[in-house]
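Peer 1:
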Amino acid sequence: MQLPKVLILNQPFVTNTGGGITMSNLFSGWDNDKLAVTCLGYLLTKDIDPEICNNYYQLGSEERKWSFPFNLLSRKYSSGPIKFNDVSKNKVVDESSKSKSRVGFLNKYMNPILEYTGLVHIITKIILSEKFRNWLDEYNPDVVYAQCSSRASILFCIAVQNYLKKPFIFHMMDDWPSLIGVKGLMKKSWQRRIDSEFRTLLNVTDIHLGISDYMSEAYQERYGKDFATFHNPIDLEFWQKGQKKNYDLSQNPTILYAGRIGLGIDSALKSIAEAISNVNNELHMSIKFMIQAQSAPSWIKNYNHVEHKTFVPYEQLPYEFGSADFLILPYDFSPESLAYIKYSMPTKASEYMASGAPIIIYAPKETALVQYAENNSWASIVTQQDESALTIELKKLVLDKDYRESLATTAKKLAEERHDTKVVAQNFQEIIIKAAQSI
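For the sequence shown, the working numbering gives the first residue as 1, with consecutive numbering after it.
(1) DSSP three-state label for W135, please.
(2) How about K65 and K125: are their beta carbons less than 8 Å apart?
(3) Measuring only the C-alpha atoms, how far is W135 from T38?
(4) Closest to K225 by CA distance: which of S377, L283, F170 and G259 is it?
(5) Going by DSSP, what residue range makes up the beta strand (DSSP E) through F227?
(6) If you run the structure through DSSP and keep just helix, strand and coil, what is V204?
(7) Taking the beta strand (DSSP E) that C39 belongs to, which residues open and close that run?
(8) For the beta strand (DSSP E) that contains L3, what are its first and last residues?
(9) Flag this pair as yes or no: are the beta carbons of V204 and I276 separated by less than 8 Å?
(10) Excluding sequence positions up to five away, which residues of its chain have a Cβ less than 7 Å from the Cβ of W176?
(11) What is the rounded straight-line gap between the Cα of Y440 and the Cα of G356?
(12) P12 and I432 look like a contact to me (Cβ under 8 Å); what is the Cβ gap, rounded to whole Å?
(13) State the Cα-Cα distance for the pair N281 and K395, rounded to the nearest angstrom.
(14) Ignoring anything shorter than 3 residues, give me the beta strand (DSSP E) runs that lie fully in the stretch 219-281, in order along the chain.
(15) Specify, as a first and last residue, the run of the beta strand (DSSP E) that T17 falls within.
(16) Let me know if W441 comes out buried or exposed under the rule of 16 or more other beta-carbons within 10 Å of its beta-carbon.
(17) When the Cα atoms are used, what is the spatial distance from Q2 to F227?
(18) When the Cα atoms are used, what is the spatial distance from N278 to L256?
(19) Could you give the C-beta distance for S302 and T22, rounded to a whole number, given that I count them as a contact under 8 Å?
(20) As a quick exercise: from I328, Y352, D174 and M345, pick the residue whose alpha carbon is nearest that of Q240.
(21) Looking at C-alpha atoms only, which residue of P297, G242, M290 and D400 is the closest neighbour of E315?
(22) Is the stretch 364-382 touching the stretch 261-269, taking contact as three or more C-beta pairs under 8 Å?
(23) According to the neighbour-count rule (16 or more other Cβ atoms, all chains shown, within 10 Å of its Cβ), is F262 buried or exposed?
(24) May I ask you to report which of helix, strand or coil DSSP gives P358?
(25) Taking the beta carbon of T421 as the centre, do at least 16 other beta carbons fall within 10 Å, making it buried, or is it exposed?
(26) If you draw a straight line from the alpha carbon of Q251 to that of S337, how long is it in whole angstroms?
(27) Quick one: using the 10 Å Cβ neighbour count with 16 as the cut-off for buried, is E430 buried or exposed?
(28) F168 bridges to which residues according to DSSP?
(29) Short of 6 Å in beta carbon distance, which residues of its chain neighbour L440, apart from the five on each side in sequence? Order them along the chain.
(30) DSSP three-state call for V398: helix, strand or coil?
(31) Going along the chain, which residues of its own chain have a beta-carbon closer than 6 Å to the beta-carbon of A273, five neighbours each way excluded?
(32) Assign H284 to buried or exposed, taking buried as 16 or more other Cβ atoms, counted over all protein chains shown, within 10 Å of its Cβ.
(33) Check this for me: beta carbons of D248 and A435, under 8 Å apart or not?
(34) Terminal residues of the continuous alpha helix (DSSP H) containing I432?
(35) Report the option in L236, M172 and I194 whose CA atom is closest to the CA atom of L209.
(36) Skipping 5 residues on each side, what residues in its chain have a beta carbon closer than 6 Å to that of Y145?
Here you go:
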């Protein structure tokens with residue numbers, strides 16, 4: 001069946017954000033000439049993948065309007081169509097404006113003030129310029145797909161929908177509405193105002209998408225809308241290359257964490273190190289905790305069984321994951337972090353599931369990751385930041401081969417059924433085709 005023309009709002013096809021990666025995989029196999037993207041200039045980076053889409057409209061100074069005196073500090077992006085050659089682009093930002101950006105000053109001093117006062121919500125807006133409207137008319141999409149994460153992007157989506165009046169699909173990546181206006185002056189007022197505007201967007205949306213079943217359930221209750229779940233799918237054949245088949249433990253078993261370190265997650269990693277130390281002492285074993293990250297945590301020197309590894313080439317990751325005896329997915333347990341990650345699903349989860357290695361989840365119970373694992377029994381779960389509870393669960397995994405093999409088998413099957421790009425992208429295509437046919 002012929003694929004419809006899709007206009008994408010606010011999210012380019014990039015490889016360095018969850019929204020960009022998810023969208024790239026969902027639109028896998030789409031006709032290149034039937035995709036177009038419009039977004040702000042600062043989002044168009046060297047990480048753009050022109051193979052998926054090379055039809056962009058940069059929202060520049062003709063569309064993004066700043067209030068005085070903030071317009072004096074802002075970069076002056078050109079408005080209009082942009083084509084990419086490999087990873088380069090032309091007409092991104094005027095050279096004369098680069099010295100005005102003062103990125104360090106803005107991030108350190110100005111942005112916190114704007115957040116606290118609420119000015120961040122009103123100092124800029126995006127309008128539909130004549131040039132942009134002409135571009136929209138010329139492209140003439142069949143369907144609009146949108147992501148957004150700010151008041152300005154909410155209002156922009158509504159404006160585009162009011163102008164085009166085409167079937168509209170909105171995809172929620174994170175629960176950012178819960179974090180808007182939670183601090184500073186007039187926070188209650190901004191919460192009510194932005195919530196009202198977001199509900200207006202949902203009311204003009206024809207198809208609502210989320211990234212987890214937990215999010216979909218919560219949003220149905222919160223907003224009274226049905227959200228279908230479309231989490232980031234994976235190239236199953238790629239991730240099965242090093243898939244684990246044998247569940248006997250290695251002579252020196254390894255528990256692998258691959259990801260970032262820093263505040264929040266750092267304390268969870270240290271708890272894991274302590275729990276592994278307990279297991280080694282109680283069972284007279286030599287389990288290694290491998291941390292694959294850009295740099296080693298500062299406390300690593302205090303543990304003989306903890307080792308740091310730099311990131312391996314992407315092509316080696318399936319073998320890296322499949323060769324580990326266990327893979328662990330830890331979360332930040334802080335209340336501030338929970339508010340943001342509660343309904344999100346880490347991209348790494350489906351990659352871990354396909355690897356065949358038994359998975360340990362160390363995360364708050366009130367997260368989509370834990371809910372998904374509990375409902376489908378594909379991982380060992382510890383939901384309290386408690387070294388004793390983690391020690392008990394690790395001992396169970398180490399001593400019970402049938403248990404760890406059962407978890408891994410379930411995870412592999414679920415990855416095939418729910419996370420294979422070929423399957424998910426086809427379901428996504430059907431959603432958009434159905435929307436286009438509703439005109």
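Idealized CB from N, CA, C, for every residue including glycine.
Peer 2: According to the structure data:
(1) Assignment of W135 by DSSP, reduced to helix, strand and coil, places it in the helix class.
(2) Less than 8 Å divides the Cβ of K65 from the Cβ of K125.
(3) Distance between the alpha carbons of W135 and T38 is about 10 Å.
(4) That would be F170, whose Cα lies nearest to the Cα of K225.
(5) Segment F227 to T229, the beta strand (DSSP E) holding F227.
(6) In the three-state DSSP reduction, V204 falls in the coil class, being neither helix nor strand.
(7) Where C39 is concerned, the enclosing beta strand (DSSP E) stretches over L35 to L40.
(8) It is not in any beta strand (DSSP E) - L3 carries neither H nor E in the DSSP assignment.
(9) The Cβ atoms of V204 and I276 lie no closer than 8 Å to each other.
(10) Within the same chain, and ignoring the five residues on either side of W176 in sequence, the residues whose Cβ sits closer than 7 Å to its Cβ are S149.
(11) Residue 440 falls outside the range modelled here, since the chain spans only 1 to 439, and no answer is possible.
(12) In this structure P12 is not in contact with I432, their Cβ atoms being roughly 18 Å apart against a cut-off of 8 Å.
(13) If I take the Cα positions, the gap works out to 11 Å.
(14) Runs of the beta strand (DSSP E) inside the stretch 219-281: 227-229 and 254-258.
(15) Looking at the DSSP string, T17 is not in any beta strand (DSSP E), and its letter there is neither H nor E.
(16) For the chain, the structure presents residues 1 to 439; residue 441 sits outside this window and is missing.
(17) Distance between the alpha carbons of Q2 and F227 is about 25 Å.
(18) Computed Cα separation, rounded: 17 Å.
(19) Per the sequence shown, residue 302 should be read as Asn rather than Ser. About 38 Å separates the two Cβ atoms, so there is no contact after all.
(20) The option with the nearest alpha carbon to Q240 is Y352.
(21) For the residues P297, G242, M290 and D400, the minimum Cα distance to E315 belongs to G242.
(22) At 8 Å Cβ cutoff, the stretches do not touch.
(23) Per the sequence shown, the amino acid found at residue 262 is Gly instead of Phe. When all chains shown are included, G262 counts as exposed.
(24) Here P358 sits in coil by DSSP.
(25) Of the other Cβ atoms in all chains shown, 16 or more fall within 10 Å of the Cβ of T421; this residue is therefore buried.
(26) Approximately 37 Å, taken between the alpha carbons.
(27) With fewer than 16 Cβ atoms within 10 Å of its Cβ, E430 is classed as exposed.
(28) Per the DSSP secondary-structure output, F168 pairs in a beta bridge with V144.
(29) The chain is shown from 1 up to 439; residue 440 falls before or after that span and cannot be answered.
(30) Secondary structure of V398 (DSSP, three-state): helix.
(31) Around A273: F289, Y303 and V306.
(32) Under this definition H284 is an exposed residue.
(33) The Cβ atoms of D248 and A435 lie no closer than 8 Å to each other.
(34) If you look at I432, you'll find it in the alpha helix (DSSP H) that goes T421 to A436.
(35) Taking only the C-alpha atoms, the option nearest L209 is M172.
(36) These residues qualify, in order along the chain: V6, I8 and I169.
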